[in-house]
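Here's the structure, in structure tokens; my notes come after.
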Amino acid sequence: MTDEARKKWLHDLFKELNYKTFLVPLLGHCYNRVKEETMKMREAILKSLGLEANDKEVAVLYKGEKADNRPNTRFVELPEERPPWFTDNLLEPSNPNKDLK
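Count the sequence shown with the numbering used here and you get residues 67 to 167, in order.
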């Protein structure tokens, strides 16, 4: 099943049935995926920078991403591609339902 088909199927299912029935297991699944990705990032930062005090911002770059010219920033690279659901700017508001319309 493609991502687009899966999104449509979930959207239709949530509309047809009471979405709260599926919310708790779905949130747990999403939480675990984010937790795993965060642990990968932490391990890469620890491997790259160690436990030394860091007075600069740390930005994580995935495979194929380029470092920009931000001052006072240390870049840590991960050897894999960024998951499509993991935004590159965590401070930017997102709309998880934008593709389900």
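Where a beta carbon is used, it is the ideal one built from N, C-alpha and C, also for glycine.
Using DSSP with H/G/I as helix, E/B as strand and the rest coil, what is residue i?
i	result
Thr68	coil
Lys167	Residue placement at Lys167 cannot be trusted, given a pLDDT of 46 that sits under 50; the coordinates are not used to answer.
Does the Cβ of residue i have 16 or more other Cβ atoms within 10 Å, making it buried, or fewer, making it exposed?
i	result
Val126	buried
Given residue i, which residues of its chain have a CB within under 8 Å of its CB, disregarding the five upstream and five downstream residues?
i	result
Val100	Phe152
Leu117	none
Pro150	Asp69
Asn120	Arg140
Lys122	Asn138, Thr139 and Arg140
List the whole-angstrom C-beta distance separating residue i from residue j, where the pair is believed to meet the contact cut-off of C-beta under 8 Å.
i	j	result
Glu147	Lys129	5 Å
Arg140	Val124	5 Å
Can you give me the Cβ contacts of residue i inside the same chain, cut-off strictly under 6 Å, excluding the 5 residues immediately before and after it?
i	result
Ser114	Val142
Met107	Val126
Ala110	Val142 and Leu144
Met105	none
Got a sec? Which residues, its chain only, sit under 7 Å from residue i by beta carbon, not counting five neighbours each side?
i	result
Glu103	Pro149 and Phe152
Exercise. Please specify which runs of the beta strand (DSSP E), each continuous and at least 3 residues long, are wholly inside the segment 108 to 157, giving them in chain order.
Key: DSSP runs (the beta strand (DSSP E)) wholly in the segment 108 to 157: 123 to 127 and 139 to 143.
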